[in-house]
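K.L.:
Here you go, one structure.
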Ligand SMILES: *Cc1c(COP(=O)(O)O)cnc(C)c1O
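Here is the structure:
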């Protein structure tokens, strides 16, 4: 972990750092962050567009011309309608996993043929709605296939061109986990999909397809942060081999689409975007050459890798104190925004940037950097986003930036202490002027009271 992230990086990384530095200063100048709004989320629109373009290009380079490829952004990584619209403008779709996420994708204007529904716990009503809307969906298990059969087959729609969306089955190649247990979806006992290496499972899946002509896709999402590229590629290979076997068994190309999931890890240690989409696409080309030869349409479901590097949490230092010899900066960004980092600091370290009250990078004092704890506003002792971190000495009124937080941080609020969801602003800059657009306005105290049962204040007394 670099202690001075502001200075790190070269090329695209340096350009993105420069945009961020301009945006931080402008956020102060334009009053987005101030005493009453002591924390905001900032999103770099150029960074998001460039990540989306890199993803498209990486696959365009390896697929046979004319192969349909849908890049469906995993909405849970940044469940923000304007972000989904921006990505749709870049040609992406949405991977959704709940009625709420589906509603966000629709509110963003994403067309049904670019939406994929995955969730391990879809209700019958959700399945019915997905079929009605003609969005694609991936069933998680045999019971769900039976429910789908009951919805699809009586309507006589088992014929070749079904008027419902495409239906697939999620499989778990059981290849093992990565360095973060909670995000390892391909372990032997993972809760997701049909466990392919369980006794008899492979053959049962082949049979499930032969009995259901409307089942046309296979889906695997082998992991997320902490999973090596080779393991991801091996999971895709197992899925591809299963598709080949199913198609051989039924004697036609029934499986016509492979959904290879997301999971490209993010480099939280520097400005660099590594591993890149190109590296992953090349790993797939080496491990599963047949994947790209045009016989299968492809779906990807990347989340964090598309957004993480483009997001910054900017928070004011309210107090700078000291306890037991340890300097502590008490800021307004803690577990409510950086939930994973606070609860699992070993797995989710974040780079922290130090700014003065005007949003300029804080210079290092002649004495050098000072190891400090960066604390949040939540009322529990563990609410620290960094421990013993060498940084320029912070003072009350300064700002800290939590870098690479565009995915799964400020967009995945944790409502501890009834702390409000902060405002989120997208920015662009031409090098001189920085322009902001509201992505989400800050939650108001009135909204918190309403969401917390304010309309039913006396409800428990009336029982
Ligand atoms: C979360 C999730 C993704 C996205 O994972 P990232 O690590 O954010 O790329 C894709 N597909 C499924 C099914 C998921 O649950």
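In our numbering, the protein residues as written are 10 to 472.
Using N, Cα and C, we set each Cβ at its ideal position, and we do this for glycine too.
Is the beta carbon of residue 422 sitting closer than 8 Å to the one on residue 386?
P.N.:
No; because the gap between Cβ atoms is not below 8 Å, this pair is not in contact.
K.L.:
Residue 309 and residue 271 - do their beta-carbons sit closer together than 8 Å?
P.N.:
Residue 309 is positioned such that its CB atom lies closer than 8 Å to that of residue 271.
K.L.:
Quick one: is the Cβ of residue 149 within less than 7 Å of any heavy atom of ligand 1?
P.N.:
no
K.L.:
Any contact of the region 48 to 59 with the region 419 to 433, i.e. 3+ C-beta pairs under 8 Å?
P.N.:
Segments in contact, yes.
K.L.:
Suppose the cutoff is 8 Å on Cβ atoms and the five residues either side in sequence are ignored; what does the same chain contact list for residue 218 look like?
P.N.:
178, 224, 255, 258, 259, 263, 264
K.L.:
Just grab the DSSP bridge partners of residue 383 for me.
P.N.:
338, 395
K.L.:
How is residue 436 classed by DSSP in three states: helix, strand or coil?
P.N.:
Strand.
K.L.:
Kindly provide the ranges of any beta strand (DSSP E) runs that are 3 or more residues long and lie completely inside the region 194 to 258, ordered along the chain.
P.N.:
Correct list: 224 to 228.
K.L.:
Count Cβ pairs between the region 300 to 309 and the region 332 to 348 that sit closer than 8 Å; are there 3 or more?
P.N.:
no
K.L.:
Going by CA-CA distance only, name the one from 384, 31, 235 that's closest to residue 355.
P.N.:
The candidate whose alpha carbon is nearest that of residue 355 is 235.
K.L.:
I'd like to confirm something about residue 63: is its beta-carbon nearer than 7 Å to some heavy atom of ligand 1, or not?
P.N.:
no
K.L.:
Please report the residue range of the alpha helix (DSSP H) in which residue 35 lies.
P.N.:
21 to 38
K.L.:
Could you name the residues that DSSP lists as bridge partners for residue 455?
P.N.:
Looking at the DSSP assignment, residue 455 forms no beta bridge with any residue, so it has no partner.
K.L.:
Excluding the 5 residues flanking residue 160 on each side, which residues of the same chain have their C-beta closer than 7 Å to its C-beta?
P.N.:
136, 137, 140
K.L.:
If the criterion is Cβ atoms closer than 8 Å, does the pair residue 205 and residue 175 meet it?
P.N.:
Cβ atoms of residue 205 and residue 175: not closer than 8 Å.
K.L.:
For residue 50, which beta-bridge partners are listed by DSSP?
P.N.:
322, 433
K.L.:
Based on DSSP bridge pairs, tell me the residues matched to residue 447.
P.N.:
Paired residue(s): 434.
K.L.:
Would you report the Cα separation of residue 404 and residue 370, rounded to the nearest angstrom?
P.N.:
13 Å
K.L.:
Excluding the 5 residues flanking residue 117 on each side, which residues of the same chain have their C-beta closer than 7 Å to its C-beta?
P.N.:
90, 93, 94, 97
K.L.:
Tell me whether residue 360 sits in a helix, a strand or coil according to DSSP, three-state version.
P.N.:
coil
K.L.:
Could you tell me the boundaries of the alpha helix (DSSP H) in which residue 127 lies?
P.N.:
Careful: residue 127 lies outside any alpha helix (DSSP H), inside the beta strand (DSSP E) at 124 to 127.
K.L.:
Secondary structure at residue 425, three-state DSSP: helix, strand or coil?
P.N.:
Helix.
K.L.:
At a cut-off of 7 Å, is residue 85 close to ligand 1 when judged by its beta-carbon and the heavy atoms of the ligand?
P.N.:
Yes, the beta carbon of residue 85 sits closer than 7 Å to at least one heavy atom of ligand 1.
K.L.:
Is residue 273 near ligand 1, going by C-beta to nearest heavy atom under 7 Å?
P.N.:
yes
K.L.:
Going by DSSP, what residue range makes up the alpha helix (DSSP H) through residue 261?
P.N.:
Segment: none, residue 261 is in no alpha helix (DSSP H) and carries neither H nor E.
K.L.:
Kindly indicate which three-state DSSP category residue 170 falls into: helix, strand or coil?
P.N.:
At residue 170 the pLDDT is 48, less than 50, meaning the model places this residue with poor confidence; the figure from the coordinates comes in the next sentence. Residue state, collapsed to three classes: coil.
K.L.:
In angstroms, rounded to a whole number, what distance separates the CA positions of residue 23 and residue 413?
P.N.:
14 Å
K.L.:
Could you tell me the alpha carbon to alpha carbon distance between residue 415 and residue 447, rounded to whole angstroms?
P.N.:
15 Å
K.L.:
So, for residue 157: in the same chain, excluding its five sequence neighbours on each side, which residues have a beta-carbon less than 7 Å away from its beta-carbon?
P.N.:
136, 148, 176
K.L.:
Taking all protein chains shown into account, do 16 or more other C-beta atoms lie within 10 angstroms of the C-beta of residue 28, making it buried, or fewer, making it exposed?
P.N.:
Around the beta carbon of residue 28, a 10 Å sphere encloses 16 or more other beta carbons of the protein chains shown; the residue is thus reported as buried.
K.L.:
So does residue 436 have its beta carbon nearer than 7 Å to some heavy atom of ligand 1?
P.N.:
no
K.L.:
Do residue 315 and residue 82 have their C-beta atoms closer together than 8 Å?
P.N.:
Cβ distance < 8 Å, so residue 315 and residue 82 count as in contact.
K.L.:
So for residue 92, helix, strand or coil by DSSP?
P.N.:
helix
K.L.:
Among 188, 353, 298, which has the Cα closest to the Cα of residue 391?
P.N.:
Residue 353 holds the alpha-carbon nearest to the alpha-carbon of residue 391 among 188, 353, 298.
K.L.:
Measuring only the C-alpha atoms, how far is residue 282 from residue 239?
P.N.:
18 Å
K.L.:
Determine the direct distance from the alpha carbon of residue 453 to that of residue 14, and round the result to whole angstroms.
P.N.:
Note that residue 14 has pLDDT 44, beneath the 50 cutoff, so the model's placement of it is unreliable and no number is given.
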